[in-house]
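For what it's worth, full-length UniProt numbering labels the leading residue of the first sequence as 1, then goes sequentially.
Glycine included, C-beta positions come from ideal geometry on N, C-alpha and C.
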Amino acid sequence: MKKMRVFAMAVIRRGFAANKSYTVTSPLSFLSSSFHNLTHKNMPFSPNPRIDFSYIHDVDDAVFLFRQMLRMRPQPCVVEFNKLLTSIVKMKKYSVTLNVFDEMRQSGAPVNEYTLNIVVNCHCLLNRVDFGFAVLGSFFKCGYKPDVTTFTTLIKGLFLGDKVVEAEKLFKKLLTLKLCEPDEVTILTVINGLCKAGHTLTAYDLLRLFEKTSFKPDVSSYNSVIDSLCKDRMVDDALQLLAKMIDKGISPDIVTYSSILRGLCNFGRWKEAKDLITKMVDHKISLNVITFNILVDAFCKEGLVKEAEDVVEIMMQRNILPDVVTYNTLVDGYSLVGQTDKARKLLDSMPGKGLKPSIISYNSLINGYCKNGKVEEAWGLFLEVRRKGLEYDVVTYNTMLQGLFCAGRCADGLKLFKDVQYQQLIPNLLTYNILLNGLCMNKHIDEAFSFLHIMEEQGVNPDITTYGILIHGLCKDEKVEIARNLFNSLPCKGLRPNVQLYTIIIGSLCQEGQVEEAKCLLVEMEKSGCAPNSVTYNVCIQGLLKRKLLSEAKAFLDEMCRQGFSPDATVVSMLLDQLQDKGWRYCSSESTDNC
DNA sequence: ATAGGGTTAG
1 MKKMRVFAMA
11 VIRRGFAANK
21 SYTVTSPLSF
31 LSSSFHNLTH
41 KNMPFSPNPR
51 IDFSYIHDVD
61 DAVFLFRQML
71 RMRPQPCVVE
81 FNKLLTSIVK
91 MKKYSVTLNV
101 FDEMRQSGAP
111 VNEYTLNIVV
121 NCHCLLNRVD
131 FGFAVLGSFF
141 KCGYKPDVTT
151 FTTLIKGLFL
161 GDKVVEAEKL
171 FKKLLTLKLC
181 EPDEVTILTV
191 INGLCKAGHT
201 LTAYDLLRLF
211 EKTSFKPDVS
221 SYNSVIDSLC
231 KDRMVDDALQ
241 LLAKMIDKGI
251 SPDIVTYSSI
261 LRGLCNFGRW
271 KEAKDLITKM
281 VDHKISLNVI
291 TFNILVDAFC
301 KEGLVKEAED
311 VVEIMMQRNI
321 LPDVVTYNTL
331 VDGYSLVGQT
341 DKARKLLDSM
351 PGKGLKPSII
361 SYNSLINGYC
371 KNGKVEEAWG
381 LFLEVRRKGL
391 EYDVVTYNTM
401 LQGLFCAGRC
411 ADGLKLFKDV
421 QYQQLIPNLL
431 TYNILLNGLC
441 MNKHIDEAFS
451 FLHIMEEQGV
461 NPDITTYGIL
471 IHGLCKDEKV
481 EIARNLFNSL
491 PCKGLRPNVQ
501 LYTIIIGSLC
511 QEGQVEEAKC
521 LLVEMEKSGC
531 APNSVTYNVC
541 IQGLLKRKLL
551 SEAKAFLDEM
561 CRQGFSPDAT
571 VVSMLLDQLQ
581 DKGWRYCSSE
591 STDNC
């Protein structure tokens, strides 16, 4: 905590390089009269009309303009049509783009390889990479060859569809069959795809391999790997890679430094974080809103909201305006320290600052209310979201469900779960885990199991947590035998029990008095490379003490101490109670000796 | 003189 404060003060005192002022885009009034959209340039060597795209503000404008372009004579050239398609892609309306493209073909509008690449990209972004590959046929039909852009887009599409192996295969094919010469975008796409898929080390190796070839990775590729390393807790490797890229003459940029900064902050390396900021300032790299948000987030996660506020103060002094992410992060921070009123006020102040609260903003506060035992307030806010015309997402439901079940409101939770599907949202693994846990903790084991089947039918694969929830529920309901059987069946399902799960089952066996079985499982646990932790021992000892198995408890206690763990407060007080019950006046000192 | 690219929050 103290280190963080020192760091905060350093940040405050430090004079950041003054940042350029933000620009305000003047709202161009859209003139609906069709002729304002078109600018015929009467230049002698360009008879085809040029189109002014600056008036396009939404999809309707774009489609309207497209229809006009089709009617124009002479027809606008392919470049103009491509610009139009690109403008729709930028609005993320990929299906609309494809519809417009279809209309182009039907009306005989000009098409070239750029157009086809846009089409491939749209299919990929709609998660239909297969349709993207099908466009290759059109390339050949039209007499064009797919180029590096086409293949890079397809590789990206494969990664987007979680087809990592196929993406790697296609990339290798490019190289071996010399389908095209990969460029820095191709390399970034592959590196980034691997990182996002969790294959950080593969990406790292590939990056190092490229360094030795003529395909040079650019700063973005390094950034991608550095960011991934930091997220995977390998901050030192990230720092080493930073040194290597500088060595290769590639200058780190704001993104590089931001990733490293987040890595350092996330793992409590405040001193190094502070030094990094100094270095950034020395290198004349001015911090942007994202960098500041990383700092705000770091302080908030530590519960240091005052320091987070100070960072916001500094960024405003530097003319960097807090954005929606800044506000959402602060709402989270206030919620974490129980200041839900402040969180609420902050959320309400956003429109006045020209910021529209997003569903994420509301989710944060709903979560804040739930975690602070204010389910009524959470529910009120949940309803408010709907009134505001914002759409819920799965996270909203997950948060609210968790809140309701925590408050023991099972029936309401179940009702809300039905609403998820009604809203055409797809419940995810977390949704089901929350639901199952809520049911189990409120002793509705049978209902929980029926939802286990439902989730499987819906194609959501239960994970180790799901089974942990069910096993825990069964144990709590004193159905240890069934729990044990379910536990034994996990390897067949390809799931390996973790420490928590072993702890639940071994603890329950202790409480059931099945000490030998518990001991066997403890051995099995260690054999499988899963080391018992202090919770494991404490739970076991508690179970044994509940059964009044004092000498067995003592054996576990001895083992626990040998492993370097100490009993928690509950265990100590239970132990003392039972020793006193037995009238062993002097035993409390004896037991402390043992530990 | 039109296509494919990366950093923050739940």
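Query raised in the report: Can you tell me whether DSSP reads residue 596 as helix, strand or coil?
Result: Residue 596 lies beyond the range of the chain shown here (1 to 595); nothing can be said about it.
Requested in this report: Check Arg262 in the structure and name its three-state DSSP category.
Outcome: helix
Requested in this report: Return the first residue and the last residue of the alpha helix (DSSP H) that Ala518 is part of.
Outcome: Here the alpha helix (DSSP H) through Ala518 covers 515-527.
Query - Unbroken alpha helix (DSSP H) run spanning Asp237, endpoints - result: 235-247
**Report entry** Nearest-angstrom Cα separation, counted from Tyr222 out to Lys196
**Finding:** Their Cα atoms are separated by approximately 14 Å.
Query - Residue of Phe81, Leu158, Ala448 minimising C-alpha distance to Gly108 - result: In terms of Cα proximity to Gly108, the closest of Phe81, Leu158, Ala448 is Phe81.
**Report entry** Candidates Lys443, Asn192, Leu239: closest to Pro217 by CA position
**Finding:** Asn192
Query raised in the report: Starting from Lys196 and walking both ways along the alpha helix (DSSP H), at which residues does that stretch end?
Result: 184-196
Report task. Mark Val120 as exposed unless 16 or more other C-beta atoms lie within 10 angstroms of its C-beta, in which case mark it buried. Result -> buried
Report task. Leaving out five residues on either side along the sequence, give the residues of the same chain with a beta carbon under 7 Å from the beta carbon of residue 599. Result -> Not covered by the structure: residue 599. The range shown for the chain is 1 to 595.
Query raised in the report: Going straight from the alpha carbon of His199 to that of Gly161, what length do you get?
Result: 15 Å
Query raised in the report: Since Arg71 is in the alpha helix (DSSP H), which residue starts that stretch and which ends it?
Result: Note, Arg71: alpha helix (DSSP H), 59-71.
Query raised in the report: In its own chain, which residues sit with a C-beta less than 7 Å from the C-beta of Leu490, not counting the 5 before and 5 after it?
Result: Tyr467, Pro497
Query raised in the report: Since Leu429 contacts Asp393 with CB under 8 Å, what's their CB separation in whole angstroms?
Result: The pair is not a contact, with the Cβ atoms about 15 Å apart (cut-off 8 Å).
Requested in this report: Just confirm the distance between the C-beta atoms of Ile434 and Cys475, as a whole number of angstroms; I'd bet it's less than 8 Å.
Outcome: Rounded, the Cβ-Cβ distance is 19 Å, inconsistent with contact.
Query raised in the report: Is Ser32 helix, strand or coil by DSSP?
Result: Residue confidence for Ser32 is low, a pLDDT of 28 falling below 50, so the modelled location carries little weight and cannot support an answer.
Report task. Drop a sphere of 10 angstroms on the beta-carbon of Ser573, count the other beta-carbons inside from all chains shown, and report buried for 16 or more, exposed for fewer. Result -> By the Cβ-count criterion, Ser573 is exposed, with fewer than 16 other Cβ atoms from all chains shown falling within 10 Å of its own Cβ.
Query - Given Gly338 as reference, the closest of Ile366, Phe405, Glu181, Gly408 once Cα atoms are compared - result: Of the candidates Ile366, Phe405, Glu181, Gly408, the one whose C-alpha sits nearest the C-alpha of Gly338 is Ile366.
Query raised in the report: Out of curiosity, what's the CA-to-CA distance linking Ala308 and Arg233?
Result: 23 Å
Query raised in the report: What residue does the alpha helix (DSSP H) around Met350 start on, and which one ends it?
Result: Where Met350 is concerned, there is no enclosing alpha helix (DSSP H), given that its DSSP letter is neither H nor E.
Report task. For my contact list, Gly413 and Gly380 are in at a C-beta cut-off of 8 Å; report their separation, rounded to the angstrom. Result -> Not really, about 17 Å apart at Cβ, beyond 8 Å.
**Report entry** Beta-carbon proximity check, Val305 vs Gly268, cutoff 8 Å
**Finding:** No, the pair does not count as a contact, with Cβ atoms beyond the cut-off.
Requested in this report: Kindly indicate which three-state DSSP category Leu576 falls into: helix, strand or coil?
Outcome: helix
Query raised in the report: Is Leu390 near Leu404, with beta carbons less than 8 Å apart?
Result: Judged by beta-carbon spacing, Leu404 lies beyond the 8 Å limit of Leu390, meaning their Cβ atoms are not closer than that value.
Report task. Could you say which of Gln75, Ile118, Glu103 lies nearest to Tyr94 if we only look at CA atoms? Result -> Ile118
Query - Integer Cβ distance of Asp253 from Val219, believed to fall under 8 Å - result: Confirmed, about 6 Å.
Query raised in the report: Can you tell me whether Thr213 is buried or exposed, with buried defined as 16 or more other CB within 10 angstroms of its CB?
Result: Taking every protein chain shown into account, the CB of Thr213 has fewer than 16 other CB atoms within 10 angstroms, so this residue is exposed.
Query raised in the report: With DSSP run on the structure shown, which of helix, strand or coil describes Thr213?
Result: coil
**Report entry** Residue closest to Glu376, alpha-carbon to alpha-carbon, out of Gln542, Ser361, Leu85, Thr340
**Finding:** Thr340
Report task. Throw me the rounded Cβ distance for the Val499 and Glu552 pair, which I believe falls under 8 Å. Result -> Rounded to whole angstroms, the Cβ separation of Val499 and Glu552 is 21 Å, and the two are not in contact under 8 Å.
Query raised in the report: Leaving out five residues before and five after Ala167 in sequence, what residues of the same chain have Cβ atoms less than 6 Å from its Cβ?
Result: The residues Ile155, Leu158, Phe159, Gly193, in chain order, have a CB closer than 6 Å to that of Ala167 in the same chain once the five nearest residues on each side in sequence are set aside.
Query raised in the report: When the Cα of Leu360 is compared with those of Asp323, Met280, Thr278, Gly373, which residue comes out closest?
Result: The question names Leu, but residue 360 in the sequence shown is Ile. For Ile360, the nearest C-alpha among the options comes from Asp323.
Query raised in the report: What's the gap between the Cα of Asp477 and the Cα of Leu470?
Result: 10 Å
Query raised in the report: Mapping DSSP to helix, strand and coil, what is Met400?
Result: helix
Report task. Return the chain-ordered list of same chain residues with a C-beta closer than 6 Å to the C-beta of Leu84, the five sequence neighbours on each side being excluded. Result -> Phe66
Query - Selection from Thr329, Val89, Gly263 that minimises the alpha carbon distance to Asn293 - result: Thr329
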